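The sequence shown begins at 3 in the working numbering and counts up one residue at a time.
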Amino acid sequence: IPGDFARSRTERALFFLLRLLVPPVVDNDEALAYMLTVRDVPWVVVRPDSLVQGEQSAYDCFEHVPTSPLFNPGTTTRVHFADFVGELLTSKAMWEKWQWKCPVVLDLVKAKHEGED
């Protein structure tokens, strides 16, 4: 997606291999490329990073992937993903903000203080 995190050569090579070896990767890429051209039906493609179980806490949504999904992935708690989708479906302002975009939902990570485990 234009504007996402700039990938290194190594990361581009790994994604190339994934596209060759894992057919759903190609399908996902082609579906997204098609969606980016569609303007006759309103849409939002919500993207999680590493989807995990967990408790509700703080999360944020970004227009572009802010970090490397392979070498520095974030996490997205399922409850945050569901909360964001629910907001999209019930808030006209939220829908208008993200319409025609592919937002990335990421958990906010609290910085550890020195001495904490």
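Idealized CB from N, CA, C, for every residue including glycine.
Given the structure is predicted, the values throughout are model-derived calculations rather than measurements.
Check: Status (buried if at least 16 other CB within 10 Å, exposed otherwise) for residue 116; Outcome: Only weak support exists for where residue 116 lies, its pLDDT of 41 falling under 50; the value from the coordinates is given anyway. Its Cβ having fewer than 16 others within 10 Å, residue 116 is exposed.
Check: Where residue 25 falls: helix, strand or coil (DSSP); Outcome: helix
Check: Nonlocal neighbours in the same chain, by C-beta distance under 7 Å from residue 37, ignoring five residues either side; Outcome: 45, 47
Check: Any 3 or more C-beta pairs closer than 8 Å across the stretch 51 to 65 and the stretch 78 to 86; Outcome: yes
Check: Among 100, 32, 43, 25, nearest to residue 87 - alpha-carbon criterion; Outcome: 100
Check: Counterpart residues of residue 61 in DSSP-defined beta bridges; Outcome: 109
Check: Reference residue 69; option with closest CA among 108, 16, 15; Outcome: 108
Check: Pair within 8 Å by beta-carbon distance, residue 41 and residue 31; Outcome: no
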